[in-house]
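Q: In the numbering used here, the protein residues as written are 9 to 108.
The C-beta atom is built at its ideal place from N, Cα and C for all residues, glycine as well.
Just so we're clear, the structure is a prediction, and the values are computed from it rather than from any experiment.
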């Protein structure tokens, strides 16, 4: 079972990256599956071939780091926006007042 896109991530919508990240996940998985199909069709090899497994395993290695970075950033952003700490609120409000 492959989980890609929004179904693969549980994070705050604050960062607004759900759809973009989901498309990146789906694109990464789609090219891998297409490549595997091509290898199987052309070389007539079995699906349990080690090289096929390596391609599939690379999905997690490639997408996990990006997901962790995005989730950490979203978590930090959510903490700043929802903080009740007086100093953080003052800084946040000053920034938003000048930016927006």
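#1: Residue 104 by DSSP, collapsed to three states: which one?
#2: Pick out the complete beta strand (DSSP E) segments inside the region 28-103, 3 residues or longer, and give them in chain order.
#3: Can you tell me the Cα-Cα spacing of residue 45 and residue 35, whole angstroms?
#4: Rounded to whole angstroms, how far is the Cβ of residue 63 from the Cβ of residue 43, which I believe are closer than 8 Å?
#5: Return yes when the Cβ of residue 96 is within less than 8 Å of the Cβ of residue 88, no when it is not.
#6: What residue from 53, 75, 57 and 47 has the CA that sits closest to residue 31's CA?
#7: If you count every other CB in all the chains shown that lies within 10 Å of the CB of residue 49, and 16 or more means buried, which is it?
A: Quick answer:
#1: In the displayed model, residue 104 falls within a helix according to three-state DSSP.
#2: Runs of the beta strand (DSSP E) inside the region 28-103: none found.
#3: Their backbone Cα atoms lie some 15 Å apart in a straight line.
#4: Between the beta-carbon of residue 63 and that of residue 43 there is about 6 Å, and that keeps the pair under the 8 Å contact cut.
#5: Yes, the pair counts as a contact, with Cβ atoms nearer than the cut-off.
#6: The shortest Cα separation from residue 31 among 53, 75, 57 and 47 belongs to 75.
#7: Around the beta carbon of residue 49, a 10 Å sphere encloses fewer than 16 other beta carbons of the protein chains shown; the residue is thus reported as exposed.
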